Amino acid sequence: AIITDLKANILRSVTMPISKNEKKERVIDKIHQCCQQLQKESAAKTIAGIGIALPGIINSREGITRYLPRFPSWKEDAQLVEKLQKKVGPHIKIMVDNECRFQVYGEKAKGIVSGSARLSSHTPLRYSASCARLSLCFR
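Heads up, the sequence shown is in our numbering, so the first residue is 8 and it goes up one at a time.
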């Protein structure tokens, strides 16, 4: 997990192990713990948003994980955004999407093609600020 400023500069990072057999509720608790720890350890007064990148099939519009190959114990859809929203409050925007989309955004923002008009991200611009303040990426 990382916390960044609005220019996607990494300010702090934290690692929390997650096993492939962990229940959804426990993973959501760990995500929330990472958020709290990063905010506490950084100088950030407010969190603009949370971006969660996961491998698998994600319905990003509804904030639902459909299939996550690294979490075989998750047999049914997970209402990830809704459940995390209850923990962090309604004032923080949360976005969940496939990790590849976040990688494209990161490459466009900070990578070798930064500033290039030739690389387009499928992630709508309205989500960019959500991902820039607090991004949680599990691998």
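Cβ atoms here follow ideal geometry from the backbone N, Cα and C, with glycine treated the same way. Please read all numbers here as calculations on a predicted model, not as lab measurements.
The C-alpha of Lys-14 is placed about 18 Å away from the C-alpha of Ile-59. Restricted to the region 42-104, the beta strand (DSSP E) segments that are unbroken, complete and at least 3 residues in length are 56-61, 64-66 and 71-74, listed in chain order.
Within the DSSP secondary-structure output, Arg-19 pairs in a beta bridge with Ile-10. In this structure, the alpha-carbon of Ile-10 lies about 17 Å from that of Glu-114.
A straight-line Cα-Cα distance of about 31 Å links Met-23 and Val-120. The beta carbons of Val-103 and Thr-53 sit about 21 Å from each other, so the pair does not count as a contact at 8 Å.
Between Pro-79 and Ala-50, the alpha-carbon positions lie close to 37 Å from each other. Pairing Lys-117 with Lys-31, the inter-Cα distance amounts to about 32 Å. Within the same chain, Ala-8 and Ile-9 come within 7 Å of Ser-20 by CB-CB distance, once the 5 residues on both sides are set aside. Around Glu-48, the same chain offers Arg-19 as residues with beta carbons nearer than 6 Å, after the five sequence neighbours per side are excluded.
Distance from the Cα of His-39 is smallest, within the candidate group Gly-96, Pro-76 and Asn-105, for Gly-96. About 13 Å separates the beta carbon of Ile-35 from that of Leu-75, a gap too long to meet the 8 Å contact definition.
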